[in-house]
Amino acid sequence: FSLRSLIQDRPHNIDTDEFALATSPCLHSIAAIEPLYDSGGKINYNEEALLQMVAASAPGLKFVCLSSDVRHWRAATPRTPWPGFFVNLQPGQIEPPRPARSRGSLESLIFDNSRYDSTQTGEITTWSKHTDFSKLRCLEFDRIPVDTLRTLTQLAEDGQLKSLHTLIFLLEPYPCETMPLLDEYTGSLLQALPPLRNLGLRACVADKVFTALLTHHGPALHTLDFKQSYEFALTHTHISLLQQHCPNLRAVTLRVRRSQGDKNETRIYRTLGKLAHLHSADLSFDIGVGNVNLENPSDLDIHDILINAAIDESLARSIFDVIATANARICGHRNPPFHFLKLKISDASVRDTSWDVKFTIADMIWFVEREWTCRRRSSDGQVVVKETGKFDRAKPYEGYEGYKNISRFKEVWRRAMA
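Anchor point for the sequence shown: position 35 equals 47 in our numbering, and the numbering is continuous, going up by one each time.
Quick look at the structure:
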């Protein structure tokens with residue numbers, strides 16, 4: 013969404029047709045990318061106009077998705093405050109009446125900062141002045157700093173997020189030593205919110221957040237996307253607590269610990285299947301890199317990591333079958349809800365930490381890791397297993413050090429598997 017007449021090199025009135033659109037009572041949803049300037053250096057006032065539309069001009073507006081554009085064009089003119097839709101009136105022209113209300117009633121507000129920008133505290137404060145946050149049902153952020161997290165906590169404690177049922181955010185990465193503080197801040201936010209139906213949380217957090225998730229939101233949760241600190245991979249104990257406290261989960265995205273297919277790992281899948289309403293699971297695996305002395309790993313360390321990383325089609329199907337069998341048993345009928353599984357190696361497991369300048373654990377994992385989807389067809393009940401990303405993996409990467417070191421990989425593989 014963009015009102016082109018509000019991209020200006022000098023102040024002037026909005027186009028009358030665009031004003032009719034901006035004030036239409038039929039306008040319900042908007043998705044907009046709003047840079048401060050266009051590619052020619054003209055000032056773009058669309059974000060200011062959008063705030064005015066939300067607050068008063070477009071009374072039917074309920075959904076806004078705002079994407080940032082962090083390209084910084086050189087301004088041809090200094091950025092001056094927005095003068096409003098109408099700067100001056102032509103002879104005989106009547107200024108449209110100003111709406112009486114001062115704040116809107118959005119139900120969904122999404123900050124899609126997909127270009128590595130983050131949503132700052134000032135933006136939250138500005139939007140809270142233009143729409144009544146107590147009416148919000150869905151709030152999503154692609155990326156927020158800790159200051160914004162604390163602002164959200166204050167809003168929640170003041171009762172301004174009392175209608176919220178969906179919260180999704182990625183907390184900006186911070187040094188590992190700050191994890192206890194981030195865990196405390198994020199846990200405080202979850203405790204201050206009403207019980208959520210959908211929660212997406214990716215941050216350097218651990219026990220306090222997990223406890224708040226279980227005790228404060230558990231029975232209400234339908235979907236959970238929880239990507240926590242890489243030191244805090246979920247074990248069978250955590251999954252059992254999820255199954256006990258969150259019985260209504262329908263879809264989960266989790267990072268769990270692989271342990272070479274032993275009984276503890278198998279119990280993770282079996283316990284997931286005991287979620288009676290579960291229809292899909294997206295699992296990324298912690299394969300044990302964090303437990304290894306990366307400066308000088310032993311052959312046994314390398315062996316264990318590679319075994320955990322090597323997920324083939326047979327293993328993917330086996331994991332699906334364990335979850336599906338447990339799900340069918342707990343549901344007591346032939347058509348259990350569970351039908352989709354996605355498997356991959358966790359990004360935290362393949363962070364580029366090397367013991368050799370020319371060859372890293374990430375390089376080794378690259379040779380053996382696969383991503384899989386398993387889907388049960390509704391037509392005949394057959395399970396279809398597919399490798400995703402196969403085309404990209406099969407292409408030779410010119411200049412990629414890991415690809416060049418295939419002989420080094422084979423040498424390490426033979427030694428580790430001996």
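Where is the CB? At the ideal position from N, CA and C, for every residue including glycine.
Should residue i go down as buried or exposed, given a rule of 16 or more other Cβ atoms within 10 Å for buried?
{"i": "A32", "result": "exposed"}
{"i": "T227", "result": "exposed"}
{"i": "C386", "result": "buried"}
{"i": "H248", "result": "buried"}
{"i": "V396", "result": "exposed"}
{"i": "T28", "result": "exposed"}
{"i": "K286", "result": "buried"}
{"i": "P37", "result": "exposed"}
{"i": "N308", "result": "exposed"}
{"i": "L312", "result": "exposed"}
{"i": "S358", "result": "buried"}
{"i": "Q394", "result": "exposed"}
{"i": "R155", "result": "buried"}
{"i": "R382", "result": "buried"}
{"i": "T138", "result": "exposed"}
{"i": "V274", "result": "Correcting the residue identity first, residue 274 is Asp in this sequence and not Val. It counts as exposed."}
{"i": "D170", "result": "exposed"}
{"i": "E423", "result": "exposed"}
If I follow the unbroken beta strand (DSSP E) through residue i, where does it start and stop?
{"i": "W384", "result": "383–388"}
{"i": "D219", "result": "That residue, D219, is in no beta strand (DSSP E); its alpha helix (DSSP H) goes 219–224."}
{"i": "F145", "result": "Element bounds for F145: n/a, residue is neither H nor E."}
{"i": "S120", "result": "120–124"}
May I ask which residues mark the beginning and end of the alpha helix (DSSP H) holding residue i?
{"i": "E196", "result": "191–204"}
{"i": "D29", "result": "28–34"}
{"i": "L183", "result": "First-last for L183: undefined, no H or E at that position."}
{"i": "F352", "result": "Premise fails: F352 lies in the beta strand (DSSP E), 352–357, not in any alpha helix (DSSP H)."}
{"i": "D333", "result": "325–343"}
Return the bridge partner residues of residue i from the DSSP annotation.
{"i": "N210", "result": "T178, T235"}
{"i": "V395", "result": "R388"}
{"i": "T400", "result": "E383"}
{"i": "Y49", "result": "I55"}
{"i": "Q20", "result": "I55"}
{"i": "S79", "result": "I45, D124"}
{"i": "I156", "result": "L183"}
{"i": "L246", "result": "V268"}
{"i": "L151", "result": "L121, L179"}
{"i": "G116", "result": "T143"}
What does a CB cutoff of less than 6 Å around residue i pick up in its chain, not counting 5 residues either side in sequence?
{"i": "H84", "result": "Below a pLDDT of 50, predicted positions are generally treated as unreliable, and H84, at 48, falls in that range; no measurement from the model is reported."}
{"i": "E119", "result": "K74, R149"}
{"i": "Y57", "result": "L18, W94"}
{"i": "I42", "result": "F13, V76"}
{"i": "H257", "result": "L226, G230"}
{"i": "N100", "result": "none"}
{"i": "G212", "result": "I180, D237"}
{"i": "I319", "result": "Q272"}
{"i": "R91", "result": "I55"}
{"i": "A168", "result": "A204, L205"}
{"i": "S200", "result": "T165"}
{"i": "E325", "result": "V397"}
{"i": "F153", "result": "F123, T131, F181"}
{"i": "D144", "result": "R115, S117"}
{"i": "Y128", "result": "Confidence is the limiting factor: at Y128 the pLDDT is only 48, short of 50, which leaves the residue's position unreliable, though a coordinate-based value still follows. Counting only Cβ-Cβ distances below 6 Å, and skipping sequence neighbours, we find nothing."}
{"i": "S296", "result": "R267, K356, S358"}
{"i": "R388", "result": "H351, V395"}
For residue i, which residues of its own chain have a beta-carbon under 8 Å away from its beta-carbon, when the five flanking residues on both sides are left out?
{"i": "H12", "result": "The first residue shown for the chain is 13 and the last is 430, placing residue 12 beyond what the model contains."}
{"i": "P206", "result": "L173, K174, S175, L176, H177"}
Leaving aside the five residues before and after residue i along the sequence, list all residues of the same chain whose C-beta is less than 7 Å from its C-beta, in chain order.
{"i": "T278", "result": "V334"}
{"i": "T283", "result": "H248, I251, S252, Q255"}
{"i": "R162", "result": "Y197"}
{"i": "E60", "result": "W94"}
{"i": "T133", "result": "D159, T160, T163"}
{"i": "G401", "result": "E383"}
{"i": "A70", "result": "A34, T35, S36, L39"}
{"i": "L15", "result": "I26, E30, A34, N58, A61"}
{"i": "A328", "result": "L355, W384, C386, V397"}
{"i": "L193", "result": "none"}
Using a beta-carbon distance below 8 Å, is residue i in contact with chain D?
{"i": "T165", "result": "This model lacks chain D altogether; it includes just one protein chain."}
Sorry if obvious, but does the Cβ on residue i come closer than 7 Å to a heavy atom of the ligand FMN?
{"i": "F332", "result": "Of ligands this structure carries none, so the ligand FMN is not represented either."}
> Which runs of the alpha helix (DSSP H) fall wholly inside the region 259–320 and span at least 4 residues, in chain order?
Replying inline: 275–285
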